[in-house]
Amino acid sequence: MERVQRWTKSTLADQCFYILNYSVLLLVMVVTLFPFLHVLAISLNDSTDTVRGGITIWPREFTLDNYLAVFNHSTLLTGFVNSVLRTVIGTVLGLISGTMLAYTLSRRDFQGRRFVSLFLVLTLYFSGGMIPVYMLIRDLGLMNSFWVYVLPGMVNAFYVFMIRSFIDALPYELQESAKLDGANDFVIYWRVILPLCKPVIATIALFLAVGQWNAWFDTYLYNGSSPHLTTLQYELMKILQSAQTGNEAAMRSADPELAGRVSPDSLKMAITMVTVIPILFVYPFVQRYFIKGMTLGSVKH
1 MERVQRWTKS
11 TLADQCFYIL
21 NYSVLLLVMV
31 VTLFPFLHVL
41 AISLNDSTDT
51 VRGGITIWPR
61 EFTLDNYLAV
71 FNHSTLLTGF
81 VNSVLRTVIG
91 TVLGLISGTM
101 LAYTLSRRDF
111 QGRRFVSLFL
121 VLTLYFSGGM
131 IPVYMLIRDL
141 GLMNSFWVYV
151 LPGMVNAFYV
161 FMIRSFIDAL
171 PYELQESAKL
181 DGANDFVIYW
191 RVILPLCKPV
201 IATIALFLAV
211 GQWNAWFDTY
221 LYNGSSPHLT
231 TLQYELMKIL
241 QSAQTGNEAA
251 MRSADPELAG
261 RVSPDSLKMA
271 ITMVTVIPIL
281 FVYPFVQRYF
291 IKGMTLGSVK
301 H
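Per UniProt numbering, residue 1 is the first one in the sequence shown, and the count goes up by one each step.
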């Protein structure tokens with residue numbers, strides 16, 4: 001009722017703006033959702049029937065054989081477990097290191113914050129290159145190790161500056177008051193700063209989680225010869241590559257009877273959904289803070 005009253009009281013220009021605005025948003029929603037629903041429909045459709053074409057956003061002959069074939073593949077299950085572990089551990093360690101460094105750089109009494117900030121800025125524009133990084137990882141003994149997934153990316157300069165900007169916007173008197181009450185630096189960081197940084201922490205957590213979940217190139221470089229350290233995205237890349245080269249044997253499931261009921265294209269769609277759906281469930285939990293975190297710095301006081 002309130003929306004109807006607001007509509008009747010609005011001017012003609014406002015009504016035209018609302019119609020145009022909602023039309024554009026509706027178009028963006030359709031363009032965004034259609035590919036996702038199309039892939040989901042094919043992954044849930046019978047492989048033989050899929051060859052006929054004509055499937056849009058609803059499966060014509062529903063089946064779960066494609067997903068059963070995916071989870072019967074032993075390397076995919078191992079990759080799924082490793083991807084979940086690297087996402088959780090990498091996100092937690094990235095948040096801890098990023099927030100601690102950002103808090104340190106926000107302290108006005110930290111003498112070296114200008115030098116450290118300059119050092120971090122340089123990493124945004126320059127890098128050692130693939131070969132030096134590879135040699136560094138090898139010399140550090142991280143080859144064929146799970147920790148190569150989380151340790152090299154623990155500190156991201158861009159995320160550190162985002163968190164620092166958020167902390168700088170908080171009243172510095174909060175830290176001084178806590179200091180007068182006898183709190184040390186760690187207590188101020190843990191009990192004063194972190195609770196107030198939930199929006200930016202949620203935003204950075206989502207970025208870190210998506211980056212860790214989608215990563216596959218580090219598996220190819222450093223753990224390609226260790227099947228027990230493979231990741232889901234790396235296995236997906238191998239299957240897609242096998243499909244392009246016509247190596248269907250590499251795409252077969254461990255169950256020969258089940259493998260005969262699925263096609264490479266249907267299997268690819270099912271794997272795509274397996275890689276996408278878990279990370280989608282993360283977003284609703286951080287959505288409330290994500291919007292506030294994304295508008296960080298857009299309003300100047």
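The beta carbon of each residue, even a glycine, is placed where N, CA and C say it ideally should be.
Within-9 Å CB hit, residue i to chain D
i      : result
Gly153 : Looking for chain D here will not work: only one protein chain is present.
Per-residue DSSP class, three states only, for residue i
i      : result
Asn184 : coil
Asn144 : coil
Trp216 : coil
Met154 : coil
Pro227 : helix
Asp109 : coil
Thr56  : coil
Phe126 : coil
Val51  : coil
Leu236 : helix
Tyr172 : coil
In DSSP terms, what residue i is bridged to
i      : result
Phe207 : Per DSSP, none; premise fails for Phe207.
Gly62  : According to the sequence shown, residue 62 is Phe rather than Gly. Phe62 is bridged to Asn45.
Residue span of the alpha helix (DSSP H) that contains residue i, given as start and end
i      : result
Ile42  : Leu12 to Ser43
Pro264 : Pro264 to Leu280
Met100 : Ser74 to Ser106
Arg138 : Met130 to Asp139
CB of residue i within 9 Å of CB of residue j, strictly
i      : j      : result
Ser266 : Ser43  : yes
Thr123 : Gln212 : no
Val274 : Leu76  : yes
Gly94  : Gly153 : yes
Ala178 : Val282 : no
Tyr103 : Ile167 : yes
Asn223 : Ser145 : yes
Margin query: Under 8 Å: do the segment 75 to 86 and the segment 129 to 145 share three or more Cβ pairs, one atom per stretch?
Written below: Cβ pair count under 8 Å is below three, so no.
Checklist line | Inter-stretch contact at 8 Å, needing at least 3 Cβ pairs: the segment 188 to 206 / the segment 156 to 171 | finding: The segment 156 to 171 and the segment 188 to 206 touch, with three or more beta-carbon pairs separated by less than 8 Å.
Notebook entry, point to check: When the Cβ atoms of the segment 109 to 119 are set against those of the segment 174 to 192, are three or more pairs found closer than 8 Å?
Noted result: Using a Cβ-Cβ distance cut-off of 8 Å, the segment 109 to 119 and the segment 174 to 192 are not in contact, since fewer than three pairs of beta carbons, one from each stretch, lie closer than that value.
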